[in-house]
Each structure stands twice: as structure tokens, then as C-alpha cells.
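Novice:
Number of protein chains: 2
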Amino acid sequence: MAGRPWNYRHDDLALRGELYEPVGTPNGRAVLVVHEADGIGQNVRSRCELLASLGYVAAAADMHGGGQVLAAEDIPAALDRFRSDPALVRGRVGAALEALFETTGFRPSAVAAIGYCFGGFAVLELARDGAAVAAIVSFHGILTSAAPAAAGSVRAPILAATGALDPLVPPRDVAAFEEEMRAADADWHLLTHGRAYHSFTNIGVDGLDDPRMRYDPVADAMSWAAATAFLEARLR
Amino acid sequence: MAGRPWNYRHDDLALRGELYEPVGTPNGRAVLVVHEADGIGQNVRSRCELLASLGYVAAAADMHGGGQVLAAEDIPAALDRFRSDPALVRGRVGAALEALFETTGFRPSAVAAIGYCFGGFAVLELARDGAAVAAIVSFHGILTSAAPAAAGSVRAPILAATGALDPLVPPRDVAAFEEEMRAADADWHLLTHGRAYHSFTNIGVDGLDDPRMRYDPVADAMSWAAATAFLEARLR
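The listed protein sequences derive, respectively, from chains A and B.
Here the UniProt record's numbering is used: the first residue of the first sequence is 1, the next is one more, and so on.
Here the UniProt record's numbering is used: the first residue of the second sequence is 1, the next is one more, and so on.
#1: In three-state terms, what does DSSP make of THR104(A)?
#2: Report the start-end ranges of each alpha helix (DSSP H) in the segment 116-166 of chain B that is 4 residues or longer and not cut off at the edges.
#3: My guess is that VAL33(A) and ALA60(A) are in contact by the Cβ rule of under 8 Å, so how many angstroms apart are they, rounded?
#4: Measuring alpha carbon to alpha carbon, tell me which residue in ASP62(A), LEU100(A), CYS117(A) is nearest ARG92(A).
#5: Report the neighbours of GLY66(B) on chain A: residues whose CB is nearer than 8 Å to its CB, in chain order.
#6: Could you tell me which chain B residues have their CB closer than 7 Å to the CB of ARG195(A), listed as they occur along the chain?
#7: If the criterion is Cβ atoms closer than 8 Å, does the pair ALA156(B) and ALA110(B) meet it?
#8: What do you get for GLU178(A), buried or exposed, if any count of 16 or more other CB atoms within 10 angstroms of its CB means buried?
#9: If you measure between the beta carbons of GLY66(B) and ALA134(B), is that distance less than 8 Å?
#10: Indicate the three-state DSSP secondary structure (helix, strand or coil) for ALA2(B) in the structure shown.
#11: Does any C-beta atom of chain B lie closer than 8 Å to the C-beta of ALA233(A)?
#12: Let me know the secondary structure DSSP gives ASN7(B) once reduced to three states.
#13: Note down, in chain order, every chain B residue with its Cβ under 7 Å from the Cβ of LEU190(A).
#14: Anything in chain A within Cβ reach of ALA221(B), meaning under 8 Å, just list it in chain order.
#15: Quick check on PRO167(A) - is its C-beta less than 8 Å from some C-beta in chain B?
#16: Between which residues of its own chain and GLY194(A) is the CB-CB distance below 7 Å, once the five residues before and five after are set aside?
#17: Which residue or residues does DSSP assign as beta-bridge partners of ILE114(B)?
#18: Look at the alpha carbon of GLU102(B) and the alpha carbon of VAL57(B), and state the distance between them as a whole number of angstroms.
#19: Determine, using beta-carbon pairs with one atom in the segment 210-220 of chain B and one in the segment 179-190 of chain B, whether at least three such pairs fall under 8 Å.
#20: Using the DSSP secondary-structure output, state which residues sit across from GLY15(B) in a beta bridge.
#21: Quick one: list the residues of chain A neighbouring PRO170(B), beta-carbon separation under 8 Å, in chain order.
#22: Indicate whether at least one CB of chain A lies closer than 8 Å to the CB of PRO108(B).
#23: Would you say the beta carbon of PHE82(B) comes nearer than 7 Å to a heavy atom of the ligand PLP?
#24: Using a beta-carbon distance below 8 Å, is VAL218(B) in contact with chain A?
#25: MET181(B) touches chain A at which residues, Cβ-Cβ below 8 Å?
#26: Rounding to the nearest angstrom, what Cα-Cα distance links ILE114(A) and LEU51(B) in this structure?
#27: Once the 5 residues before and after THR104(B) are set aside, which same chain residues still bring their CB inside 7 Å of it?
#28: Nearest-angstrom Cα distance between SER153(B) and GLU125(B)?
#29: Pull up the distance between the alpha-carbon of ASP11(B) and that of LEU231(B), whole angstroms please.
#30: For ALA58(B), return the contacting residues in chain A, with the cut-off set at a CB-CB distance below 7 Å.
#31: Go to ALA58(A), then tell me how far its alpha helix (DSSP H) extends in each direction, as first and last residue.
#32: Is the separation between the beta-carbon of residue 262(A) and that of THR201(A) shorter than 8 Å?
#33: Kindly provide the ranges of any beta strand (DSSP E) runs that are 3 or more residues long and lie completely inside the segment 51-96 of chain B, ordered along the chain.
#34: Along the chain, where does the beta strand (DSSP E) containing LEU190(B) start, and where does it finish?
#35: Distance, Cα to Cα, ALA186(B) vs PHE118(A)?
#36: Nearest by alpha-carbon distance to LEU168(A): which of ALA95(A), ALA71(A), GLY120(A) is it?
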């Protein structure tokens with residue numbers, strides 16, 4: 001049940017995501033899935049397949065253009081550009097969301113956005129931008145922003161799942177995120193895994209030999225269960 | 001599928017819990033469920049029924065003796081006694097756990113303990129005492145203890161679910177719990193619901209007209225999903 005190419009635009013840039021139709025009975029809801037720093041890969045594809053098996057339309061966004069997967073040496077510059085320019089990342093992921101509305105015809109109340117690592121950061125930026133979707137979930141995403149949420153600006157309920165040992169998301173960033181969400185009067189949930197590192201949902205990182213990252217099957221199962229219950233409770 | 005009386009002892013005190021056999025295929029695992037401040041009631045009974053429907057043996061502990069449900073005016077004194085005497089609460093819930101081992105014949109690696117409000121506090125005390133069960137889950141439980149965990153003393157993996165607006169579990173207590181778990185080198189998970197009050201899993205509290213408590217169906221669904229995934233991943 002592979003995805004089919006899903007073409008859309010952000011201003012002048014042609015984007016090439018992937019679209020996964022529901023397997024079995026469609027539930028009339030859709031989830032945008034935003035990839036890690038490099039591009040659409042196995043983790044995003046298997047999440048899309050899992051969501052499709054639950055009846056969702058799942059759409060993998062393309063954040064770099066042309067469906068490209070960045071080489072390791074090109075990632076830092078791309079991340080810096082997105083991290084330093086909230087309007088760029090919000091516009092890019094917002095374009096995917098608009099395309100998903102158009103592709104499915106679903107109302108925002110039937111649509112969620114989730115993301116992994118960089119994608120987790122991107123969907124939180126969408127929340128800070130006031131996107132009117134029914135739920136937003138960030139898995140081991142960067143929790144801080146160059147443009148923190150203003151009071152009342154966050155409309156979507158948020159779940160963030162994070163690892164307490166993630167060097168990319170240190171405790172002070174987790175505390176700052178909580179404080180930002182409180183100050184913004186957002187509807188937020190935070191799941192902290194005491195022994196988890198970065199990329200704890202991604203079984204592929206164990207081959208990278210990167211000490212910042214580690215797959216954690218328990219944290220993966222718990223965060224996925226909480227996230228799917230959140231989608232089930234929030235999407236209409 | 002009501003529970004049957006389950007009699008056991010803590011020293012000289014006769015305790016009367018309830019035992020729920022698995023419905024359908026038994027999974028060879030068991031969960032001890034510890035009640036709120038008053039005693040075994042509808043919330044605990046429906047959790048036991050849900051767990052039995054998943055294949056678990058579920059056992060509702062009795063913390064007050066004789067299966068009694070305390071009147072409102074008797075609750076503060078009972079809570080103060082348990083809160084101020086870690087050995088008492090640990091012994092009382094530990095007696096239920098030993099009885100569950102004996103009743104089922106299961107090894108500790110196939111057994112979990114969960115609790116609600118006071119029961120959530122009680123199962124965390126069990127964790128601080130070094131109980132060798134496979135998982136411990138506290139729902140809107142008091143997170144602080146008169147005898148915080150020492151380094152290396154917590155053997156059971158822990159999930160605590162809490163409401164950020166719970167006046168009985170203020171943010172400083174949540175922060176202290178995190179710090180206690182880090183210092184103890186425990187295997188911990190913390191799920192914080194930004195808009196949840198005390199007793200967010202208990203639909204019965206909405207009739208009490210107590211401003212500290214509120215049922216929250218989304219937080220209930222998310223915390224239950226995370227908890228059951230945790231049990232599924234940890235019990236062997």
C-alpha cells in the first residue's frame with residue numbers, strides 16, 4: 001500500500017509529497033505527516049501506512065521541493081533557514097495543509113498534522129501560526145521557536161512527545177515550551193519519556209551510530225497510542 | 001462481568017477487594033487497581049472490567065479494610081495517616097500485590113499496579129519502595145512523598161498522568177516529581193494535560209460540584225491509551 005505522488009505548490013516551488021488512501025473503511029478524516037530533516041523516508045511512510053490502515057487519508061508533506069531527500073551535508077543549512085524564518089516554515093507546511101484540504105475536500109475539523117524531529121518543529125510552527133486544524137502532534141520535535149506563540153494565537157490542540165535525554169531538546173527547552181503554551185492559553189499535552197533520546201520513534205536511527213539518537217520501543221508505543229487516541233478524540 | 005470478593009490480609013487487618021477474571025482469551029498478566037480516597041467505586045470497577053476485556057486478571061485493592069467506602073468526613077484523617085506514614089501505605093498496597101501474586105501465580109514481570117487519585121499516590125509509594133512489578137501507572141495521583149525515592153531504589157517503570165490545572169498536584173509538585181525520578185535514575189514517563197483538573201479520568205466527579213475536579217474525555221482517552229500501551233510493552 002505505497003503512497004502515490006502528491007503534487008502541490010508553495011508559491012513558486014513545486015512540491016512532491018505522497019498520498020495514502022484509507023485501507024478498508026474510510027473514516028472521513030485526514031492526517032498530514034511532516035518528515036524529518038532529510039526528507040520523506042521509511043519512518044514517515046510507515047506512519048502513513050499505519051494511519052491509512054486506521055481509515056485516515058494520510059499525506060506525507062514535502063518540505064524541500066521536488067520530493068528531494070537532502071544529503072547529510074546539506075541538512076544544517078536547510079534547518080537553519082527554516083529555524084530562522086518562521087514565515088518560511090509556516091508557509092511551507094501551510095501549503096501542504098491547504099493542498100490536503102483541497103485534495104480531500106475535508107473541513108479543518110477533520111484534519112490533523114503530525115511530524116517527526118524537524119517535522120515536529122514544523123507542525124508546532126503551524127500551531128503557533130493559528131492553523132485551524134483539529135489536532136497537532138510533535139514527536140521529538142524542536143520545541144522552541146524564533147516567534148513564540150502570542151496569547152490566544154494557538155487554535156489547534158497540541159500533543160508534544162519528547163525524550164528527557166534528547167540533547168536536541170534539553171529540559172530547559174521543554175520547560176520553556178510548557179511556559180509558552182500556558183502563556184498562550186493553548187490546549188496542550190506533553191508526554192515526556194525519562195530515558196528516551198532524540199528520534200525515539202524511529203527504528204532506523206539505531207544504524208546511524210549517533211549518540212544523540214536511539215530507538216525506544218516502549219516510548220514509541222506509548223507516544224503512538226497517545227497520539228492516535230488524541231486524533232480519535234479530536235477529529236470530527 | 002462484576003468482580004467477585006477477593007479477601008486478603010495486611011497484618012491483622014482483613015481486606016476485601018474485588019477480582020475480575022479475563023473475558024475471552026486470558027493474556028497471562030494481571031493488574032492491581034488502587035482506588036480513590038473513599039474506596040472501591042464505579043471508576044475502579046469500570047477500569048477492572050476494561051482490563052479484563054483485554055485479557056488481564058484485574059484486582060481492585062482495598063486500602064481501608066473490610067471493603068469499606070469512607071464517608072466524606074472520614075477521608076481527610078485517613079489520607080493524612082497514609083500520607084504521613086510511608087511504611088503504612090507501602091505495606092497496605094504491598095499486601096494487595098502479594099495477594100495478587102498468590103491468587104494468580106503470576107511472576108512479578110507479568111504484573112502491574114495502577115491507581116487513581118489517592119491510589120495513584122499509593123502505587124507510586126510502591127514504586128519508591130522498590131516493588132519489582134513490570135509497570136506502575138498513576139492517574140492524577142499525588143506526586144510527592146514523605147520518603148522520596150533514593151538513587152537506584154525504583155525498580156518498576158513508571159507512568160504518571162497529571163493535569164496542569166489540578167490544584168492538588170500543582171506545577172511545583174510535578175517539577176519535584178520529575179527531579180526525584182531523575183535523581184533516583186528511575187525509568188519514568190510523565191503525561192501532562194495542560195487543561196485538565198483533578199480526577200480527569202473519572203466521569204463521576206462532574207456531579208460533585210467540586211471546582212478542583214473535572215472529567216476530561218480527551219485526557220482520559222489519551223492517558224488510558226498511553227497506559228495500556230505501556231502495560232502491553234512492559235508486561236511479560
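For glycine and all other residues, C-beta sits at the position ideal for the given N, C-alpha and C.
The model shown is predicted, which means the values in this text are computed figures rather than measured ones.
Specialist: On the basis of the coordinates in this document:
#1: helix
#2: Secondary structure within the segment 116-166 of chain B: the alpha helix (DSSP H) runs of 4 or more consecutive residues, fully enclosed, are 118-128 (chain order).
#3: 5 Å
#4: When each option's Cα is compared against that of ARG92(A), the closest is ASP62(A).
#5: Per Cβ cutoff of 8 Å: no residues; GLY66(B) is ~37 Å from chain A at best.
#6: By Cβ distance, chain B contributes ASP187.
#7: no
#8: buried
#9: no
#10: If DSSP states are grouped into helix, strand and coil, ALA2(B) belongs with coil.
#11: yes
#12: strand
#13: THR192
#14: ALA229, PHE230, GLU232, ALA233
#15: no
#16: These residues qualify, in order along the chain: ALA164.
#17: Answer is VAL33(B), VAL137(B).
#18: 13 Å
#19: No, they do not touch.
#20: For clarity, residue 15(B) is Leu in the given sequence; the question names Gly instead. Answer by DSSP bridge pairing, in chain order: TYR8(B).
#21: Listed along chain A is no residue with a C-beta nearer than 8 Å to that of PRO170(B); the closest approach is about 13 Å.
#22: no
#23: This structure lacks the ligand PLP, and indeed carries no ligand of any kind.
#24: Chain A contact via Cβ: present.
#25: GLY194
#26: 29 Å
#27: ALA30, VAL57
#28: Rounded to whole angstroms, the separation of the alpha carbons of GLU125(B) and SER153(B) is 11 Å.
#29: 30 Å
#30: Within 7 Å Cβ-Cβ: nothing; ALA58(B) doesn't reach chain A, min ~19 Å.
#31: Where ALA58(A) is concerned, there is no enclosing alpha helix (DSSP H), although the beta strand (DSSP E) it sits in stretches over 57-60.
#32: As shown, chain A starts at 1 and ends at 236. That puts residue 262(A) outside it, with no answer to give.
#33: 57-60
#34: Note, LEU190(B): beta strand (DSSP E), 188-193.
#35: 29 Å
#36: GLY120(A)
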